[in-house]
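Asker: Chains as they are written, first to last, in the numbering used here: chain A, 1 to 111; chain B, 1001 to 1113. Virtual Cβ for every residue (Gly too), placed ideally from N, Cα, C.
#1: Quick check on DSSP: helix, strand or coil for residue 1024 of chain B?
#2: Beta carbons nearer than 7 Å to chain A: which residues of the stretch 1061-1072 of chain B have them?
#3: Taking beta-carbon pairs under 9 Å, can you tell me which members of the stretch 1092-1108 of chain B lie near chain A?
#4: Quick check on DSSP: helix, strand or coil for residue 1085 of chain B?
#5: For residue 1016 of chain B, return the contacting residues in chain A, with the cut-off set at a CB-CB distance below 8 Å.
#6: Go ahead and label residue 82 of chain A buried or exposed: buried means 16 or more other beta carbons lie within 10 angstroms of its beta carbon, across all protein chains shown.
#7: By Cβ distance below 7 Å, which residues in the same chain neighbour residue 49 of chain A in space, the five residues on each side in sequence not counted?
#8: Going by C-alpha to C-alpha distance, which of A:18, A:69, A:96 and A:75 sits closest to residue 110 of chain A?
#9: With 16 other CB atoms within 10 Å as the buried threshold, where does residue 1031 of chain B fall?
#10: Whole angstroms is fine: what's the gap from residue 1023 of chain B's alpha carbon to residue 70 of chain A's?
#11: Using three-state DSSP, classify residue 1070 of chain B as helix, strand or coil.
#12: Between A:26, A:35, A:25 and A:16, which lies nearest to residue 104 of chain A when the distance is taken from Cα to Cα?
Next up, the structure:
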């Protein structure tokens, strides 16, 4: 069974602080995606990383895929209250199986 | 273009009643998924459909839960004889194929009294 472990589970920080959340597995994934879910809505795709070592930036968010394609991190610079939400990572295998989702990191950014 | 649409957005029903939840996926998406999310928790996989293949029902928590997808498009999730522990948000997602990024609806919030 492929598992994605996300850490921390919960994170509460002040506006303007930096943070990093992690997504780890013992399995290799062909790609990895990050989603953000806000209250009352479904998760929304933020980014897909495909190549080992790949780094993608989305404004103040930086996503990195591990060299071995087993782990990923999301770094947020100067967090804002609008970043509050549940961050989910999901891994894709090369087979005909659906994405494996982590349990998420719940981020709260306090003004 | 239209995203994934779920209805109803909220459903309140009495214990023991049956409920049907509907999902309209994005046109052209061959894969469709149902998840359950309890308050403050992550996603619990329930079932997925891929094209005309038999659905993967491995996540359904009991035989009170069933789902169908008619004509490769709209899907309904049915919960029979609802219990209070069935209270949760039920999310539907679709994707171009099974390991592609998923597009989610906003869910149906189900409350069992």
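Answerer: From the atom records:
#1: Residue mapping note: residue 1024 of chain B aligns to position 24 of the second chain, counting from 1. Strand at residue 1024 of chain B.
#2: none
#3: 1092, 1093, 1095, 1097, 1098, 1099, 1100, 1101, 1102, 1103, 1104, 1105, 1106 and 1107
#4: As a working note, residue 1085 of chain B is residue 85 in the second chain. Helix at residue 1085 of chain B.
#5: One-based indexing of the second chain puts residue 1016 of chain B at position 16. What residue 1016 of chain B touches in chain A: nothing, since even the nearest Cβ is about 28 Å away.
#6: On the first chain, position 82 is the one that residue 82 of chain A refers to. Residue environment analysis places residue 82 of chain A among the exposed positions, since fewer than 16 neighbouring C-beta atoms fall within 10 angstroms of its C-beta.
#7: Here residue 49 of chain A refers to the residue found at position 49 of the first chain. So the list reads 31, 32, 56, 63, 65 and 72, once near-sequence residues are dropped.
#8: The residue you call residue 110 of chain A lines up with position 110 of the first chain. Looking at the Cα atoms, A:18 is the closest of the given residues.
#9: Here residue 1031 of chain B refers to the residue found at position 31 when the second chain is read from its first residue. Taking a 10 Å sphere around the C-beta of residue 1031 of chain B, we find 16 or more other C-beta atoms and assign the residue as buried.
#10: The count along the second chain starts at 1 and reaches residue 1023 of chain B at position 23. The count along the first chain starts at 1 and reaches residue 70 of chain A at position 70. Each residue's alpha carbon lies about 33 Å from the other.
#11: Taking the first residue of the second chain as 1, we reach residue 1070 of chain B at position 70. It is helical.
#12: Here residue 104 of chain A corresponds to residue number 104 of the first chain, with the count starting at 1. Closest by alpha carbon: A:35.
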